[in-house]
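What follows is a set of notes on a single structure, which appears directly below.
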Amino acid sequence: MKLTLTLPCVSMLATTLLLAQPALAAYQIQTSNGFQQTEHIYAGDVIRDSETHMSYQASGEMIITVAKEHAQQLFDSLNQFDVQLVLSVDKDTLSNMVVINAGQQDLLALQATLKTVEGVTQVDIASNNKVAAQ
Numbered sequence: 001m002k003l004t005l006t007l008p009c010v011s012m013l014a015t016t017l018l019l020a021q022p023a024l025a026a027y028q029i030q031t032s033n034g035f036q037q038t039e040h041i042y043a044g045d046v047i048r049d050s051e052t053h054m055s056y057q058a059s060g061e062m063i064i065t066v067a068k069e070h071a072q073q074l075f076d077s078l079n080q081f082d083v084q085l086v087l088s089v090d091k092d093t094l095s096n097m098v099v100i101n102a103g104q105q106d107l108l109a110l111q112a113t114l115k116t117v118e119g120v121t122q123v124d125i126a127s128n129n130k131v132a133a134q
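The numbering used here numbers the first residue of the sequence shown as 1 and each following residue consecutively.
Structure below.
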């Protein structure tokens, strides 16, 4: 199957890539008492990277970079992770970029699990939009 991307689609994809934040060990989640450390992130949570203090809302989607020779292994494992494939495109000559929708799962736990799949080199939490750090 060949995927043809229109200019608005490419623009949206580029924006998603720019807004995707690498998941680091230390996140803070916005609560009624301000930002506090967290070990769980869910779609809709406003989170802040404790190193850069950039905050954004988690979309529930994850962006995965996987080596092309291992892409099918990742696709085969998506059902057992209870996620939906949104998009898969060539990132470069050696790797694919895969976007999945994780629904209401804990994104940090899913990220750790996805990193164990052979050939996966990066897993980022996608954002809905940037919001100002408070």
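C-beta atoms are modelled at their ideal positions from N, C-alpha and C, and glycine is treated no differently.
Query	Result
Beta bridge counterpart(s) of GLY34 as assigned by DSSP	THR31
Assumed close pair ILE41, PHE35 - CB separation to whole angstroms, cut-off 8 Å	With 8 Å as the limit, ILE41 and PHE35 do not qualify as a contact, their Cβ atoms being about 13 Å apart.
Presumed contact (8 Å Cβ cut-off) between THR31 and ALA67, rounded CB distance	That belief does not hold up - the Cβ atoms of THR31 and ALA67 are roughly 38 Å apart, past 8 Å.
Proximal residues to GLY103 (C-beta, below 8 Å), its chain only, five neighbours per side dropped	ALA43, GLY60, ASP82, VAL83, GLN84
Buried or exposed by the 16-neighbour rule on C-beta atoms within 10 Å, applied to ASN96	buried
Spatial neighbours of THR38 in its chain, beta-carbon cut-off 6 Å, leaving aside the 5 residues before and after	TYR27, ILE29
Under the three-state DSSP convention, the category SER95 falls into	strand
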